[in-house]
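Using UniProt numbering, the first residue of the sequence shown is number 1, and each one after it goes up by one.
In this text, a Cβ means the ideal position worked out from N, Cα and C, and glycines have one as well.
This report concerns only the one structure given below.
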Amino acid sequence: MGKKDNEGKPKGRMSSYAFFVQTCREEHKKKHPNDTVVFAEFTKKCAEKWKEMTPKEKKRFEDMAERDKARYEREMSSYVPVGGQTKKRKRTKDPNAPKRALSAFFFFCAEERPSVRAANPGIGVADVAKELGKKWEVCPNKSKFEQLAQEDKARYER
């Protein structure tokens, strides 16, 4: 989703606070043209100033926001989206469809998970999965689980 998707689309409307921050930034650049601005600190200071302002002081920025809102609505009323690719809807899942076939590793996990959890109480899901992966790598009787997977695959394909 690049810039070309929204070519010609009107710029979004700005809030009164956004106008205030923009004005603060311009004033800061005039006073300190060569300074780099640390975004986090700058926005924190702006937020503090905004909270301390009276409604009368904020009125200027609220008026700017109202004008910008009118501009945005005017531009959006004449904007026609470019006909292109629209978002594809996700296919709805058939509730009567059989569950997918499990892999040999999943059968192994179903059998081994209780013993791993018993041996390591209190470990997280990710750690259990890592441990099961390690055990699967050195598992001597993978053929048993592969046989179960084949049977499950046959069930799914029916």
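Are the CB atoms of residue i and residue j nearer to each other than 9 Å?
{"i": "Thr-43", "j": "Val-21", "result": "yes"}
{"i": "Arg-13", "j": "Tyr-72", "result": "yes"}
{"i": "Ser-16", "j": "Ala-65", "result": "yes"}
{"i": "Trp-50", "j": "Lys-58", "result": "yes"}
{"i": "His-28", "j": "Val-37", "result": "yes"}
Going straight from the alpha carbon of residue i to that of residue j, what length do you get?
{"i": "Pro-121", "j": "Arg-113", "result": "12 Å"}
{"i": "Asp-94", "j": "Ala-101", "result": "16 Å"}
{"i": "Lys-45", "j": "Arg-25", "result": "11 Å"}
{"i": "Phe-108", "j": "Arg-89", "result": "35 Å"}
{"i": "Met-76", "j": "Val-128", "result": "52 Å"}
{"i": "Met-1", "j": "Phe-145", "result": "Low per-residue confidence applies at Met-1: pLDDT is 47, beneath 50, and the placement is therefore not dependable enough to give any value."}
{"i": "Lys-142", "j": "Ser-115", "result": "17 Å"}
{"i": "Ala-97", "j": "Tyr-156", "result": "10 Å"}
{"i": "Arg-158", "j": "Thr-92", "result": "22 Å"}
{"i": "Lys-135", "j": "Gly-124", "result": "17 Å"}
{"i": "Ala-154", "j": "Cys-139", "result": "24 Å"}
{"i": "Arg-67", "j": "Asn-34", "result": "32 Å"}
In terms of alpha-carbon separation, which member of the options lies closest to residue i?
{"i": "Ser-103", "options": "Leu-132, Ala-65, Asp-152 and Ala-118", "result": "Asp-152"}
{"i": "Lys-110", "options": "Arg-155, Pro-81 and Ala-149", "result": "Note that residue 110 is Ala in the sequence shown here, rather than Lys. Cα-wise, what sits closest to Ala-110 is Ala-149."}
{"i": "Pro-81", "options": "Val-116, Arg-158 and Gly-8", "result": "Gly-8"}
{"i": "Gln-147", "options": "Ala-40, Val-125, Ala-118 and Phe-105", "result": "Phe-105"}
{"i": "Ala-18", "options": "Leu-132, Arg-60 and Asn-34", "result": "Arg-60"}
{"i": "Ser-69", "options": "His-32, Leu-132 and Lys-11", "result": "For the record, residue 69 in the displayed sequence is Lys; it is not Ser. Among His-32, Leu-132 and Lys-11, the Cα nearest to that of Lys-69 belongs to Lys-11."}
{"i": "Glu-62", "options": "Thr-23, Arg-74 and His-32", "result": "Thr-23"}
Minimum length 4: unbroken alpha helix (DSSP H) runs contained in the UniProt domain "HMG box" (98 to 158) = Whole alpha helix (DSSP H) segments, 4+ residues: 104 to 119, 125 to 137 and 142 to 157.
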